[in-house]
Structures are given as structure tokens and as C-alpha cells.
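In order, the protein sequences belong to chains A and B.
In this text, residue positions in the first sequence follow our numbering: the first is 48, and each later residue adds one.
In this text, residue positions in the second sequence follow our numbering: the first is 48, and each later residue adds one.
Number of protein chains: 2
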Amino acid sequence: MEENDVVTCLAALAQPMRLQVFRALVVAGPDGLTPGALVEALDVPAATLSFHLKELTRSGLISQERDGRSLIYRAAFEQMDGLLTYLTYNCCEGKACAVAQPKSAARKPR
Amino acid sequence: MEENDVVTCLAALAQPMRLQVFRALVVAGPDGLTPGALVEALDVPAATLSFHLKELTRSGLISQERDGRSLIYRAAFEQMDGLLTYLTYNCCEGKACAVAQPKSAARKPR
DNA sequence: CCTTTATTTCCATAATAATCGAAATATGGA
DNA sequence: TCCATATTTCGATTATTATGGAAATAAAGG
Numbered sequence: 048m049e050e051n052d053v054v055t056c057l058a059a060l061a062q063p064m065r066l067q068v069f070r071a072l073v074v075a076g077p078d079g080l081t082p083g084a085l086v087e088a089l090d091v092p093a094a095t096l097s098f099h100l101k102e103l104t105r106s107g108l109i110s111q112e113r114d115g116r117s118l119i120y121r122a123a124f125e126q127m128d129g130l131l132t133y134l135t136y137n138c139c140e141g142k143a144c145a146v147a148q149p150k151s152a153a154r155k156p157r
Numbered sequence: 048m049e050e051n052d053v054v055t056c057l058a059a060l061a062q063p064m065r066l067q068v069f070r071a072l073v074v075a076g077p078d079g080l081t082p083g084a085l086v087e088a089l090d091v092p093a094a095t096l097s098f099h100l101k102e103l104t105r106s107g108l109i110s111q112e113r114d115g116r117s118l119i120y121r122a123a124f125e126q127m128d129g130l131l132t133y134l135t136y137n138c139c140e141g142k143a144c145a146v147a148q149p150k151s152a153a154r155k156p157r
């Protein structure tokens, strides 16, 4: 992933409501969630949610698919993986830092 | 790391100049860099740089230490590790996604 | 103490992002 | 075709962030 896209992805997640939306979609997995479900779950006005969904979509971190009257949004794990890969590289260059997947995997196991 | 701090860290990195600054500090390693060196390297007005350094410091992603007339800024790897850990968790919850440290480590070896 | 160098703070300005009601669009079904 | 439901777009408003020159602060050394 290229620096520009990295900044866009980071900015997409760097907002409380959007981080919550993304987390909800990650938890929902392949089924995804509709805007309606997110409005309920996160108690946010539809127009506001729509703005944030657009922002996340623009970054490539989520995808959209129509299903009848509803839309289904899903987390785009490949993109998130790309972001993490970039950050891991640019955190750990020459350092014995967070190549620590084992350490990470050990704590806070929820 | 808690959700609030995650958003703050993401926001700190979600800006082209700040991402460059952080990357430069990561590359510089334990020696760190002075604002003067960064002004030279990144060709940015001192006042603008100072604003961004403050932002990064506020997030905990870099630290500051005085050395005579100069200040030395360094990447705070523990904080970055915390951020990566959080993101890894909230990307991969229930997914066989980017627990892929090996995969990541294999490509783009520069 | 005065000067030089390093860096930050102040301040005004410009640019971008977030909020949300109301109107518009899309879809499926009677 | 008309209606109800799901969602987005519009548009106005407010809030936050970024930029950079000029003035202020901090430290070292004569």
C-alpha cells in the first residue's frame, strides 16, 4: 500500500463513530450490516452515518453491496491487512518492536 | 490501549507531513532527530513542523528530550506497538486475516 | 549581560471535516 | 402506478485542523 492510501485509511479510522462502525462490521463478519442496523446499534442519525460510511468506503476499508431495498456493508479485510502491513513495516524498521504478533496474541484475549 | 487513545494515535498519523515525520523518526531509531534536522529533511517551515510535532507528542507516538540548545524527538515504539495490537485485534476478530506476520514479513523486504 | 542558534508559541487565515433535518432516489410489492 | 421502506444526497451550520510569518523563550558561550 502506498503512503497516500495509508493516510486515507488512517483518517478513515481516526474518528470515534467511524472506528465504531468499522469494529461493528468486523464483528459482523461476512454477513455484514445494513445502515439501518448500524443506526440502531450505534444510535446515530441516518444522514450522519451515511456520511461516515461514505468516508470508510472511499478509503477501501469497507465495501457496499445492494440487497433489495437494503445495502450491506462489510469490512474489507484485505485493505485492513495492507494497512497493518505498512504500519508494521514503518514502526519496526530496524527495531525488535511489534513484529510481536505472539506477544500481542498473548494479552487481552477477548 | 483504549478506544480514545487509538483514535488520537490514528489521527496523529493520518496526515501526510506527520506520517513522514514519524517514519523519519522510526528510521532514525534511538538517536532520534532534532526539529532542525527534520526541517531540512522534509523542507517544512519550522512553525508548521512544531505544530505537527506537538500533535504527535500529544498522541504519545513520539517523545521529546532536551539536549542543550536542541530538542531530540524519538519514535515511541511501545505506543505504536499498542496501536498495532489494538488494530490487529479489531481487524481479525474471528477472521484468519492479518495475524499474518509471516506473510507481511515476506514481502517488500526493503 | 549580550549574542547567536534552536525551537516554540502566538495569531490570523484558509481549508477541511462533522452534524443532521429535509428533500431526493431506489427498490419491492400491492 | 402508487405506496411504504431503506438509504443517500443536499445544504446550511458549526467545529476542528493546518499553514506559516513574526515575536517570544531557552540555552550555550563569550
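Glycine residues also receive a C-beta, built at the ideal position from the N, C-alpha and C atoms.
Between the options, which has its C-alpha nearest residue i's C-alpha?
i      : options                         : result
B/E87  : B/P77, B/L103, B/S106 and B/Q67 : B/Q67
B/F69  : B/L130, B/R113 and B/R121       : B/R121
B/I119 : B/Y136, B/G107 and B/D78        : B/D78
B/D114 : B/R105, B/G83 and B/L57         : B/G83
A/F98  : A/M64, A/C138, A/Q126 and A/T55 : A/M64
A/Q62  : B/A61, B/V54, B/E49 and B/R105  : B/V54
A/M48  : A/E125, A/C138 and A/C139       : A/E125
On the criterion of 16 or more Cβ atoms from any shown chain inside 10 Å, does residue i qualify as buried, or is it exposed?
i      : result
B/T132 : buried
B/D90  : exposed
B/G129 : buried
A/E181 : No statement about residue 181 of chain A is possible, as the shown extent of chain A runs from 48 to 157 and does not include it.
B/V74  : exposed
A/L60  : buried
Helix, strand or coil, according to DSSP, for residue i in the structure here?
i      : result
B/A113 : The amino acid occupying residue 113 of chain B in the given sequence is Arg; Ala does not appear at that position. Strand at B/R113.
B/A122 : strand
A/Q148 : Bear in mind that the predicted position of A/Q148 carries a pLDDT of just 42, short of 50, making it unreliable; the figure below should be weighed with that in mind. Three-state result, A/Q148: helix.
A/A58  : helix
A/M48  : coil
A/L108 : coil
A/M64  : helix
B/K155 : Low confidence applies to B/K155: its pLDDT is 31, below 50, so where it sits in the model is not reliable, and the reading given next is rough at best. Coil.
Are the beta-carbon atoms belonging to residue i and residue j less than 8 Å from one another?
i      : j     : result
B/L96  : B/L85 : yes
B/G107 : B/A93 : no
B/I109 : B/L72 : yes
Inset, instruction - Could you name each continuous alpha helix (DSSP H) segment of 4 residues or more that falls completely within the stretch 71-100 of chain B, going from the start of the chain to the end? - result: Scanning the stretch 71-100 of chain B from its first residue to its last, the whole alpha helix (DSSP H) runs of 4-plus residues come out as 82-89.
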